[in-house]
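Input: a single structure, listed below in structure tokens.
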Ligand code: THU
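Numbering (UniProt numbering), first residue to last: 1 to 130.
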């Protein structure tokens with residue numbers, strides 16, 4: 001059931017701190033412990049110091065004790081089907097598997113589903129580091 005993840009992402013978007021871009025984003029993760037962890041983008045007057053909704057949700061997941069992303073929903077009120085940015089794709093991939101589902105939403109619900117391997121083919125990984 002992905003609708004609860006959509007609702008969690010939409011609720012998280014309500015906490016976005018985006019006074020500079022005025023582009024609120026919400027993300028919600030269902031983790032391997034069955035719980036939902038959500039986050040919003042948090043900007044900064046020193047623009048590069050701000051960060052996306054996805055890492056806020058990943059931080060909540062890690063601090064909740066969970067280890068893996070089973071599925072993740074993303075929503076932006078000003079962009080239906082807002083895809084995670086390039087950096088966020090790599091951040092999600094760190095805790096995902098190739099079959100992890102990514103849900104892109106509009107204001108009514110999940111509108112597009114893709115897998116991690118579709119969202120980020122050829123992700124960076126190497127045996128040299130681990
Ligand atoms: N943003 C996200 O939160 N997630 C994405 O994947 C795309 C971009 C945020 C960052 C910034 O606060 C605002 O959207 C405009 O780029």
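Using N, Cα and C, we set each Cβ at its ideal position, and we do this for glycine too.
Any non-hydrogen atom of ligand 1 closer than 6 Å to residue i Cβ
i: residue 134; result: Only positions 1 to 130 of the chain appear in this structure, which leaves residue 134 out of reach.
i: residue 105; result: no
i: residue 192; result: As shown, the chain starts at 1 and ends at 130. That puts residue 192 outside it, with no answer to give.
i: residue 50; result: yes
i: residue 77; result: no
i: residue 123; result: no
i: residue 112; result: no
i: residue 41; result: yes
Residues near residue i by beta carbon distance below 6 Å, same chain, minus five either side
i: residue 20; result: 43
i: residue 88; result: 52 and 54
Of the listed residues the options, nearest to residue i (C-alpha basis)
i: residue 98; options: 111, 71, 86 and 110; result: 71
i: residue 27; options: 110, 121 and 46; result: 110
i: residue 125; options: 95, 9 and 107; result: 95
i: residue 5; options: 130, 107 and 122; result: 107
i: residue 10; options: 81, 62, 130 and 47; result: 81
Whole-Å CB distance - residue i paired with residue j, under 8 Å assumed
i: residue 13; j: residue 112; result: 17 Å between Cβ atoms; not a contact.
i: residue 37; j: residue 60; result: 4 Å
i: residue 39; j: residue 18; result: No, residue 39 and residue 18 are not in contact; Cβ-Cβ is about 13 Å, not under 8 Å.
Cβ-based neighbour list, residue i, same chain, cut-off 7 Å, excluding 5 preceding and 5 following
i: residue 49; result: none
Below-7 Å beta-carbon distance, residue i vs any chain D residue
i: residue 16; result: You won't find chain D in this structure, because it holds only one protein chain.
Residues near residue i in its chain [Cβ-Cβ closer than 8 Å; skip 5 each side]
i: residue 92; result: 54, 58, 69, 72, 84, 100, 102, 116, 119 and 120
Open item on the list: Under 8 Å: do the region 25–35 and the region 62–82 share three or more Cβ pairs, one atom per stretch?
Closed with: Contact annotation: the region 25–35 touches the region 62–82, with at least three C-beta pairs closer than 8 Å.
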